[in-house]
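These notes are about the structure you will find just below.
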Amino acid sequence: MAETANAVALNESQVPEVPAEAAAQGSKQTVDPWNVQGEVGADGQIKAINYDKLIEEFGTKKIDEELLARFERVTGKKPHHFLRRGIVFSHRDFELILDRYERNEPFFLYTGRGPSSDSIHVGHCTPFMFTKWLQDTFDVPLVIMLTDDEKYLFSEKRTIEEVQGYCDSNIRDIISMGFDPNKTFIFSDYDYVGGAFYRQITRLAKHITLNQARAIFGFNDSSNIGKIHFGSIQGAAAFANSFPHIFGEDEKKTVGIPCLIPCAVDQDPYFRATRDVAARLTYQGVRFAKPSLIHSLFLPALQGPGTKMSASIDSSAIFMTDTPNQIKNKVNKYAFSGGKVSVEEHRAVGGDTDVDVAYQYLRFFLEDDEELEKIRVAYSKGELLTGELKALCIKELQTFVAAFQERRAKVDDAAVKQFTDIRPLTWMGNPKVPKADIVVPKLEGAEGAEGGDGKLTKNQLKKLEKQRQIEAKKAQKAKEKEGSAAA
Ligand code: TRP
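In the numbering used here, the protein residues as written are -15 to 471.
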């Protein structure tokens, strides 16, 4: 099974429709690690992000009823409401993780956060909420990467001191999500790069060419080389041999331990590249495991479902430091409504829950399916008014934020040390099955350890050619300008 998955791997790094650094002008939907925006219609309105289109473009699989049914059979647990409601909507090889859980073979969870601001908002919390639930469900180790280096490299303004400061407060925020200290290792790149982790970083770096980085991420000739290299750092944490204190020193055993990466779908390009490299890596004749992924959609900005919450736009987000009153005022003032202009019209035709931000937030934060359905029906029929719907949303958000603040107040330096110390972790895995030994995956059809032809897919070549043409045009224009200025 793993063989077939690996055989197609080299084609996984398809090119996003719009390269990152050319995205701003386009009116098409853009979803990559740096830009998230729905299509801009002819009327100038931003449309909701089309997630089905992303599945198609990225070449991932939709999470369907069958997979959820299998999940419930294997774990004995009702799927999380994010799974039931399509908030966690897509995956790559999630079934391979279920196979391993069934046999109680080792795997781990990997997620991360880019420390770009002091205070996180509710949108940042949702992937962590889901990750915590996965940890509780599978009882496996979890590693959490803070990409202080990424946030420095990708910003003109930020200093190293600044991102390191964000890192410290973000680690405390992440701990407040309720992770188990015995099973969780939190690290920042600036602190942890070295040793086994750095060796794995260079394995990835060696197998990603400049051409590939350009095609996958849309870099151009003016992109700094730190950005171009960064993907190998984010990717390296997807391999168990990067964490010898957790999985042991024997790389013959650890390179075959896969991870499951819960992440927002904008992070997929990093891991497409990582999976492509994994398929080409072997260690002393042992194949590296390809990471599996499970993708979530974004919590919409208060302004509507066409963009995600942004920490740099205060009115777009509910921050975890907001007071109950701030939450109330922001939702009442800014939350985009799917209701009608007048009460009479709303009562007559009803509201649109697909675009209504208050309703969308309730999908994330109100766990009770029946209650949510009642609200949906009442609002769609016009029985429930926008103000009433917003009040329900405000209540859920206030409860969620208050509970977080209570836990956050208890996180002290000792807790930070506990989570960030380089130390062994303890976990049980599947309680119904004795722990399986680490199974060394057989080598069939994999290329040599230092192999990898670095060949590009057709799609990538096409994209590169397009980029080249755009750059040639730009250069031509610049020349003309110079010419006319001189004349
Ligand atoms: N690049 C991510 C960000 O900017 C952080 C990150 C690193 C991450 N590794 C990850 C997110 C793994 C999800 C999964 O937020």
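C-beta atoms are modelled at their ideal positions from N, C-alpha and C, and glycine is treated no differently.
Just so we're clear, the structure is a prediction, and the values are computed from it rather than from any experiment.
- Residues near residue 294 by beta carbon distance below 6 Å, same chain, minus five either side: If we look at residue 294 and ignore the five residues flanking it on each side, its Cβ neighbours are 300.
- Query: Can you round the beta-carbon distance between residue 194 and residue 170 to whole angstroms, since I take them to be within the 8 Å contact cut?
  - Reply: Incorrect: roughly 32 Å between the Cβ atoms, too far for contact.
- Identity of the residues DSSP links to residue 285 by a beta bridge: Residue 285 pairs with 288.
- Kindly indicate which residue of 298, 356 and 453 has the alpha-carbon position closest to the one of residue 106. Of the candidates 298, 356 and 453, the one whose C-alpha sits nearest the C-alpha of residue 106 is 298.
- Same chain, Cβ closer than 7 Å to residue 251, five either side skipped, listed in chain order: Answer for residue 251: 17, listed in chain order.
- Query: Taking Cβ positions only, does residue 195 come closer than 8 Å to chain B?
  - Reply: The structure shown contains no chain B; it holds only a single protein chain.
- the segment 335 to 342 touching the segment 368 to 378, judged by at least three CB pairs closer than 8 Å: The segment 335 to 342, when compared against the segment 368 to 378, does touch it at the 8 Å Cβ threshold.
- For ligand 1, is there a heavy atom less than 7 Å away from the beta-carbon of residue 129? Yes, the Cβ of residue 129 comes within 7 Å of a heavy atom of ligand 1.
- Message: For residue 54, which residues in the same chain have their Cβ closer than 8 Å to its Cβ, ignoring the five residues on either side in sequence?
- Response: 79 and 82.
- For residue 472, I'd like the list of residues in its chain whose CB is within less than 8 Å of its CB, leaving aside the five on either flank, ordered along the chain. No answer is possible for residue 472: it lies beyond the span of the chain, which begins at -15 and ends at 471.
- Residue ranges of each beta strand (DSSP E) within the segment 91 to 125, 3 or longer: Within the segment 91 to 125, the complete beta strand (DSSP E) runs of at least 3 residues are 92 to 97.
- What is the rounded straight-line gap between the Cα of residue 200 and the Cα of residue 260? A straight-line Cα-Cα distance of about 12 Å links residue 200 and residue 260.
- Message: Quick check: is any heavy atom of ligand 1 less than 7 Å from the C-beta of residue 150?
- Response: No, since every heavy atom of ligand 1 falls outside the 7 Å radius drawn around the Cβ of residue 150.
- Query: Alpha carbon to alpha carbon, what distance is there between residue 218 and residue 454?
  - Reply: Rounded to whole angstroms, residue 454 to residue 218 spans 29 Å at the Cα level.
- Query: In terms of alpha-carbon separation, which member of 97, 52, 411 and 139 lies closest to residue 122?
  - Reply: Among 97, 52, 411 and 139, the Cα nearest to that of residue 122 belongs to 411.
- Query: Are residue 165 and residue 230 closer than 8 Å when you measure CB to CB?
  - Reply: No.
- Query: How would you label residue 358, buried or exposed, when you count the other beta carbons within 10 angstroms and need 16 or more for buried?
  - Reply: Residue 358 is exposed by the Cβ-count criterion.
- Item | Whole-angstrom C-beta distance between residue 420 and residue 89, which should lie under 8 Å | Right, their Cβ atoms sit about 4 Å apart.
- Query: Contact check, residue 222 vs residue 275 under 8 Å by CB: the rounded distance?
  - Reply: Right, the Cβ-Cβ distance comes to about 4 Å (below 8 Å), so this counts as a contact.
- Item | Proximity test, residue 97 beta-carbon vs ligand 2 heavy atom, cut-off 7 Å | Ligands in the displayed structure: ligand 1; ligand 2 is not one of them.
- State whether the segment 303 to 321 contacts the segment 383 to 392, with contact taken as three or more CB pairs (one from each stretch) at a distance under 8 Å. With contact defined as three or more Cβ pairs closer than 8 Å, the segment 303 to 321 and the segment 383 to 392 are in contact.
- Task: State the start and end residues of the unbroken alpha helix (DSSP H) segment that holds residue 51.
- Result: 49 to 59 is the extent of the alpha helix (DSSP H) around residue 51.
- Message: Looking at the strands, I want to know which residues DSSP matches up with residue 245.
- Response: Per DSSP, 277.
- Where does residue 143 land, buried or exposed, given buried means 16+ other C-beta within 10 angstroms? With fewer than 16 Cβ atoms within 10 Å of its Cβ, residue 143 is classed as exposed.
- What residue from 216, 268, 129 and 160 has the CA that sits closest to residue 174's CA? The shortest Cα separation from residue 174 among 216, 268, 129 and 160 belongs to 129.
- Contact between the segment 17 to 27 and the segment 238 to 258: three or more CB pairs below 8 Å? Because the criterion of three Cβ pairs below 8 Å is met, the segment 17 to 27 and the segment 238 to 258 touch.
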